[in-house]
Amino acid sequence: MSREPLLEVTNLVKTFGGFRALDGVTFTLHKGEIMGLVGPNGSGKTTCINVISGLYKPDSGNLRFLGKTIAGQAPHKMARLGINRTFQVPKPFRELTVAENILVVHATNKHTEIGDPLEFVGLKNVAHRKAGSLTSGQQKLLDLARALASGPSLLLIDELAAGLSPSELDDVAEKLLTLATRGISLLVVEHLLGFVNQLTQRVIVMNAGKEIFEGDLASAAKDERVVEVYLGR
Amino acid sequence: MLFTLISGILIGIFYGLMGLGLNFIFGVMKIVNLAHGDFVMLGAFGVYLAYSVWNLNPLIALGIELVIFLAIGIPLYYGFVPRLLKSRDPEMLSLILFFGLSQVIESLASFAFGTNPDTVNPTVFGSQPVNIFGQSIQMSWIVAVLISLLAMAFMYGYLYHTKIGIATRAIMGHRTEAMSSGINVHRVSAIAFAIGIALAITAGSMTPFVLGGIYPSMGVDLTTTSFAVIVIGSLGNPLGTILGGLIYGICLMLMQTYLPSWSSLVPYLLLILILLFRPSGLLGRRERNA
């Protein structure tokens, strides 16, 4: 892992009407690093990913990727810069085949190379099938393959582990670790702390749109604010 | 009866083409182009103008029209649609905006061509009728059907065998996910919008030969008919449009044969029936994502 910053998030604010979903979030992700973004429901984790991936424009704050300001750019431009994502609830293009799902996002300017994304996630044998006919676990893997197809240098993972069996979890964790060794940085939004623990020790804990803890997972478990947020007083 | 059925199928294929552009635009952008019928009308007057002024073959006129309207469609998309899609209720706003555009086109066409019906010589493609299962069908209808089938084949090839077409189908499935996957949604949609307009123009170029007289205010009726066709098949499903066109064409010809004075009610009756008994259309899923 390099100490060179890949993504610098500074004072990111996003509101929906009167609700402040992100309230001054600040962190830095380095090249080849895996970082966990954890917190209770509604803490702003997915909103954070939505802003970084360009789905939402931030109200204020700054996003720098490889030293360049990128806040507010359209999602397809983010993808070309090297930022891609998976979704909490995967929505594959159901009427397209698995292979076509990959074909439509295959980028010409790849930042990283992992070979055939379908081969990597283990869906090569169902490439000809309609994506809508896959199981929910396979759809999650397809979502990951689709994100990898553009050759990202930063992958935003939104609750990929939810709904997977323990053996599938181990398999997915192994795949994500492989991606990191190939130079892809990962920002992993996750509820399952055990899964995060398999990937990284560095986590940010969020609550009510704010970052309340940054450090290693073991220390987070002992932090008063984190315990209060998860367990109550 | 046999003639009614054959002519119903033939005219149904033409109506399938007429609905295709409207359905394609709805499927990709989830907006309703209420000016669709007016673009069909412009296509008809383009052929009329080219034939009556320059004695140009309607097929050559169609080629020229396609180039012009494909070029118009792209800036029209960027001028209107991205703003519409940012609104809270793009579907409703699109109805209002494109109704306004429809009125503008109709008014300008009335200034240019007057309000009286105009016709194009129906024997321009040949005066000899074609024999189908013992029934005589005029040549201009056959040309209109062939053009319709060609346009449908083009759409199939575009959507299933080109990368941009597959991306278009991806956008039809999940616009947001398509954006996040790196697809340039506006570029793909702009091309789809231009193709939708071009399909309307193509249908329009054959309108003088299938429907007879053309006039600037015909756009509203043609939009209603196109809407009936796509609702019968399924909103957003191009294959459904072809089925809707066939059902509409056969029903229309049956009514014109057996209850001619009631035939103009066909689109409205079919719309009411389908909305009452299968609102998602014959090929639609039970719920519509719009």
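Sequence order for the protein chains is A and B. Numbering (my numbering) for the first sequence: 623 to 855. Numbering (my numbering) for the second sequence: 809 to 1098. All residues carry an ideal CB built from backbone N, CA and C; glycine is no exception.
C-alpha gap between residue i and residue j, whole angstroms
i       : j       : result
A:E790  : B:L1083 : 45 Å
A:A843  : A:V849  : 7 Å
B:V993  : B:M987  : 6 Å
A:K832  : A:L634  : 10 Å
A:L786  : A:V743  : 14 Å
B:L1021 : B:H982  : Looking at the sequence itself, residue 1021 of chain B is Gly, so the reference to Leu does not match. Whole-angstrom Cα-Cα distance: 42 Å.
B:R1096 : B:Y1076 : Because the pLDDT at B:R1096 is just 45, under 50, the model does not fix this residue reliably, and the value given afterwards should be weighed accordingly. Cα to Cα, the separation comes out at about 21 Å.
B:I1080 : B:V1039 : 10 Å
A:T770  : B:F847  : With the sequence shown as reference, residue 770 of chain A is identified as Leu, and Thr is not the correct amino acid for it. Distance between the alpha carbons of A:L770 and B:F847: 42 Å.
A:L745  : B:W862  : 59 Å
B:S948  : B:S918  : 26 Å
B:A1098 : B:F941  : Note that B:A1098 scores a pLDDT of 39, beneath 50, so its modelled location is shaky; the value from the coordinates is reported in the next line. Near 43 Å, if we compare the C-alpha coordinates of B:F941 and B:A1098.
B:T1015 : B:Y964  : 23 Å
B:L1043 : B:A959  : 19 Å
A:P587  : B:F907  : As shown, chain A starts at 623 and ends at 855. That puts residue 587 of chain A outside it, with no answer to give.
A:L740  : A:A753  : 12 Å
A:G683  : B:P898  : 29 Å
B:V1074 : B:L1019 : 15 Å
A:A830  : B:L905  : 40 Å
A:R707  : B:F1085 : 41 Å
B:L967  : A:I724  : 16 Å
A:V727  : B:G990  : 6 Å
A:L766  : A:L778  : 10 Å
A:V748  : B:H969  : 20 Å
B:Q936  : B:Q946  : 7 Å
A:I692  : B:I880  : 32 Å
A:T632  : A:G805  : 23 Å
B:L1062 : B:K971  : 42 Å
Residue interval of the alpha helix (DSSP H) (run including residue i)
i       : result
B:T1065 : P1046 to Y1066
B:V848  : H844 to W862
B:R995  : V993 to V1018
B:V1039 : M1026 to G1041
B:R983  : R983 to S988
A:N747  : No alpha helix (DSSP H) holds A:N747; DSSP gives it neither H nor E.
A:N723  : V720 to L725
B:G1082 : The amino acid at residue 1082 of chain B is misidentified as Gly; the sequence shows Ile. Run containing B:I1082: V1074 to F1085, per the alpha helix (DSSP H) assignment.
A:A795  : P788 to T803
Per-residue DSSP class, three states only, for residue i
i       : result
A:C635  : Strictly speaking, residue 635 of chain A in this sequence is Val, with Cys absent from that position. Residue state, collapsed to three classes: strand.
A:A693  : coil
B:K1184 : In the structure as shown, chain B begins at 809 and stops at 1098. Residue 1184 of chain B is therefore absent and cannot be evaluated.
B:M809  : coil
A:V825  : strand
B:N939  : strand
A:R847  : helix
A:E836  : strand
A:L775  : In the sequence on display, residue 775 of chain A carries Ser and not Leu. Three-state result, A:S775: coil.
B:A1098 : Confidence in B:A1098 is poor, its pLDDT being 39 and thus under 50, which makes the residue's placement unreliable; the coordinate value appears in the next sentence. In this structure, B:A1098 counts as coil in the three-state DSSP scheme.
A:P627  : strand
B:F832  : helix
B:S815  : helix
A:T757  : coil
B:D897  : coil
B:N865  : coil
B:I839  : coil
A:L782  : coil
B:N929  : coil
A:I736  : coil
B:L825  : helix
Where the beta strand (DSSP E) through residue i begins and ends
i      : result
A:A643 : F641 to H652
A:F687 : S682 to F687
A:S665 : Where A:S665 is concerned, there is no enclosing beta strand (DSSP E), given that its DSSP letter is neither H nor E.
A:S807 : S807 to V811
A:N706 : I705 to R707
Residue i CB to nearest heavy atom of the ligand FAD below 7 Å
i      : result
A:S789 : The ligand FAD is not part of the structure shown, which contains no ligands of any sort.
Legend entry - Interfacial residues, the region 675 to 707 of chain A to chain B, with Cβ spacing under 9 Å: S675, G676, L677, A696, P697, H698, K699, M700, A701, R702, N706 and R707
Inset, instruction - Report yes or no: do three or more beta-carbon pairs, one from the region 699 to 717 of chain A and one from the region 972 to 982 of chain B, lie closer than 8 Å? - result: yes
Inset, instruction - Report the residues of the region 977 to 1001 of chain B with a CB closer than 9 Å to any CB of chain A, ordered along the chain. - result: R977, A978, I979, M980, G981, H982, T984, E985, A986, M987, S988, S989, G990, I991, N992, V993, H994 and R995
Inset, instruction - Determine contact between the region 774 to 786 of chain A and the region 808 to 820 of chain A, defined as no fewer than three beta-carbon pairs at a distance below 8 Å. - result: yes
Inset, instruction - Spell out a yes or no on whether the region 688 to 708 of chain A and the region 796 to 804 of chain A are touching, meaning 3 or more CB-CB pairs, one atom from each, closer than 8 Å. - result: no
Inset, instruction - Report yes or no: do the region 1047 to 1066 of chain B and the region 1030 to 1039 of chain B share at least 3 C-beta pairs separated by less than 8 Å? - result: yes
Legend entry - Touch test, the region 918 to 934 of chain B against the region 841 to 861 of chain B, Cβ-Cβ under 8 Å, three pairs minimum: yes
Inset, instruction - With 7 Å as the C-beta to C-beta threshold (strictly closer), list the residues of the region 947 to 970 of chain B near chain A in chain order. - result: none
Inset, instruction - Decide if the region 831 to 843 of chain B is in contact with the region 992 to 1006 of chain B; the criterion is three or more beta carbon pairs, one per stretch, under 8 Å apart. - result: yes
Legend entry - Under 7 Å (Cβ pairs) to chain A, residues found in the region 861 to 888 of chain B: none
Legend entry - Three or more C-beta pairs below 8 Å linking the region 1007 to 1014 of chain B and the region 823 to 830 of chain B: yes
Legend entry - Near-chain B residues of the region 750 to 772 of chain A (beta-carbon distance less than 7 Å), N- to C-terminal order: R768 and S772
Inset, instruction - Taking 8 Å as the threshold, find out whether the region 824 to 841 of chain A comes into contact with the region 674 to 688 of chain A through three or more Cβ pairs. - result: no
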